[in-house]
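Residues 1061 to 1643 in the numbering used here are what the sequence shown spells out, letter by letter.
Don't be surprised by glycine CBs; every beta carbon is placed ideally from N, CA and C.
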Amino acid sequence: MPMDGFTLAFLQRELHALLAGGRVDKVSQPERDSLLLMIRSQGGNHKLLLCANANQARIQVTTQSYENPAEPPMFCMLVRKHLLGARLMEIRQMGGDRILSIVFEGLDELGYAAQKTLYLEIMGRHSNLTLVDSRGTILDSIKHVNSDMSRVRTVLPGQPYHLPPQPDKLNPDELTAARIAQRFAPLGMPVQKALMENVAGMASVCAKEVCAQLGLDGQLPCQQIEWHMAAVKMEAFFLGLPSRADPRVLFDDTGLSLDFFPFLYRTFSEDLQEKRMSLSEAMDTFYLGRDLHLRMQQRSADLQRHIKNAIDRLEKKRGILAMALNESEQAEQNRIFGELLTAQLHLVEKGAASVTLPNYYDPDQAMVEIPLSVQHTPAENAQQYYKKYRKAKIAKQYAIQQLEKTTDELEMLENALEDIEKCSSWADLAEIRQLLTDNGYLKPDPAQRKRKKIQEGKPYSFRGPDGTEILVGKNSLQNDRLTLHAKGTELWLHAQGIPGSHVIVRSETPSDATLLFAAKLAAYFSKGRNHPALPVDYTQRKHVKKPAGAAAGFVTYTHFQTLLVGLTPQEMVSIAKQCAVKV
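Below, the structure is given as structure tokens:
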């Protein structure tokens, strides 16, 4: 869910208690809109993630690992300069809304104590992270906002920092029964909507939950509520929020995480809400996989567009070739017309527009009408038909060759598009980009030319029920490496007859349960993922061969057996979660 001020208040208290007084030991910027601070506090190291992504803006302590770019961005370098070694003094929420200020105290260039503040604004596509000095001057921000981008507020280095315009709403930390009654009693709108429009940080889910906790009908107009008692209950509820902290993760029936809450929400089934030790831990559970998928989609957007455009061009080419092939099927008729004319020239009048002759290729010797050119002699007409026949025959051979080549290229591109969904690192994407470059679909990356070799991506690694390691390739290049480097006696699996990943079970004799799990992995990482009974072939690696000159990922195999497998929604969610953990 989008981070709301109501939940952020719980998170602010949690993070302040854990990190206040801690020292910044490391600063990195894994994404262009995210900052990661390693903070030493209370005898341990904690990774504080500050994310200004339009879709997943948030702050949390995380246990997840993040891949950093080869060269740190300028914003990262500046934050390192000002915050490395500094103490985190305070984390404060501004007005109960979706803005946090994180105050640090360190030393300036002259060795004097200096205070710096990071402001995290969680506001959808306007989310931002800004570093400000003790005078309130912006040192830099992770996103620059100039006057062309916003007429309301600019965010640029050297300018004074101003908080975003705040709506006229009540601060949850300052609510009193008198203020509540004064604001809500005259309103004609439903209570739930009134909470959203009059209390800072209230999202729809939160407002609905507050009504449930107070025993109020959220759809009832405020004017119909007895606010003398309701306002007292609401004041007590908001004052008691800190003691309610009991983080939960909401799951659906398949085990897929849907949301996270600061405490048990009455508006959702208690059976579907799992307890977590901290709100940050609950957020890790929720964002696991989602964050990775979003980042890979963002990183691969241009690559996917290139692939889809190439597929469109090849689809059109295949259609044209199919039409040409269909037209070339008429070549045999031209040959027959030529031979009938040659054998019966004496029956053809010069200058005739057509001639009807017996077709001795027809068992019934049926008469056939042959169109003629009045500008040519009968013999020349016969030669014209032979010429058309030879031309069509050559065109047919060419069309067949090109159609086969085009079909192979389409399969390669469609596989690449599917392989992007399996990517979990820059290296995985780089391999797909390299494959497309080698096949002429992308221009070589000038930066890549300076490097001797691209970094190799790693296959997914799973453990079977008996503890045996199972490896799954994420793209054609990884499939080649995985299969060709495996031991001859290890088991190799692949979905039958459709594109998919190569799977290697690192054992000669895995248990039946492990073999079945490996087959389900082969099904999951194939185009037949949703098939209720997908055939998956398995054989020893020594029976798998790669033909000379074959495309990446293409192999032949023998001595195989087949399993029919289907995946339940729960199994799909479980595999997806394991993939996210293995980033």
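- With contacts defined by Cβ atoms closer than 8 angstroms, I1240 and E1295 form a contacting pair.
- If you ignore the 5 residues before and after P1250, its C-beta comes within less than 8 angstroms of the C-beta of G1278, Q1279, L1280, P1281, C1282, all in its own chain and listed in chain order.
- Under the three-state reduction of DSSP, S1264 is assigned to helix.
- For C1111, DSSP records a beta bridge to S1094, R1118.
- For the options G1171, F1164, R1195, I1159, the alpha carbon positioned closest to that of H1186 is the one of I1159.
- Runs of beta strand (DSSP E) with 3 or more residues, each lying fully within the region 1350 to 1388, are absent.
- In the DSSP assignment, the residues bridged to R1308 are F1321, K1335.
- Partner residues in the beta bridge of D1597, as assigned by DSSP, are H1554, T1622.
- Of the other Cβ atoms in all chains shown, fewer than 16 fall within 10 Å of the Cβ of G1300; this residue is therefore exposed.
- L1544 places its beta carbon less than 8 angstroms from that of K1606.
- When the beta-carbon positions are compared, A1267 and Q1284 stay at least 8 angstroms from each other.
- Straight-line spacing of the CA atoms in P1129 and S1561 works out to 28 angstroms.
- Beta-bridge partners of E1429 (DSSP): T1416.
- N1105 sits exposed, since fewer than 16 C-beta atoms from the chains shown fall within 10 Å of its C-beta.
- The C-alpha of E1387 lies about 55 angstroms from the C-alpha of D1313.
- Apart from sequence neighbours up to five positions away, the residues of its chain that approach E1631 with a beta-carbon distance below 7 angstroms are K1580, ordered along the chain.
- The alpha carbon of T1067 has as its nearest neighbour, out of R1304, P1246, Q1425, the alpha carbon of R1304.
- Exclusion of the five residues before and after G1411 leaves V1434 as the residues of its chain whose Cβ lies within less than 7 angstroms of its Cβ.
- Residue E1469 holds the alpha-carbon nearest to the alpha-carbon of E1375 among E1469, D1200, Q1404, R1450.
- Per the C-alpha coordinates, the member of V1259, Y1421, L1624, L1191 positioned closest to E1234 is V1259.
- Apart from the 5 residues on each side of it in sequence, I1430 sits with its Cβ closer than 7 angstroms to the Cβ of F1397, L1400, L1401, S1414, V1415, L1417 in its chain, given in chain order.
- Rounded to whole angstroms, the gap between the alpha carbons of K1456 and R1373 is 21 angstroms.
- The beta-carbon separation of L1332 and F1321, rounded to 11 angstroms, does not stay under the 8 angstroms limit for a contact.
- Non-local beta-carbon contacts of L1110 in its own chain, meaning distances under 6 angstroms to residues more than five positions away in sequence, involve L1095, I1119, L1180, L1189 in chain order.
- Each residue's CA atom was taken as its position, placing G1261 and M1472 some 49 angstroms apart.
- Unbroken alpha helix (DSSP H) runs of no fewer than 4 residues, entirely contained in the region 1473 to 1500, are found at 1486 to 1498, following chain order.
- Secondary structure note for V1163: its beta strand (DSSP E) is the uninterrupted segment 1159 to 1167.
- Approximately 5 angstroms separates the beta-carbon atoms of A1546 and R1601; this is inside 8 angstroms, confirming the contact.
- Just so you know, the alpha carbons of D1193 and K1176 end up roughly 5 angstroms apart.
- In chain order, A1290, K1293, M1294, F1297 place their CB closer than 8 angstroms to the CB of L1274, counting only its own chain and leaving out the 5 sequence neighbours on each side.
- Taking C-beta atoms under 8 angstroms as the contact rule, A1573 and D1526 qualify, at a distance of about 7 angstroms.
- If you draw a 10 Å sphere on the C-beta of N1206, you find fewer than 16 other C-beta atoms in it, and that means exposed.
- Only residues of its own chain outside the window of five on either side were considered, and among them V1532, L1553, A1578, L1581, A1582 have a CB closer than 6 angstroms to the CB of V1563, listed in chain order.
- For the pair L1551 and P1595, the CB atoms are not nearer than the 8 angstroms cut-off.
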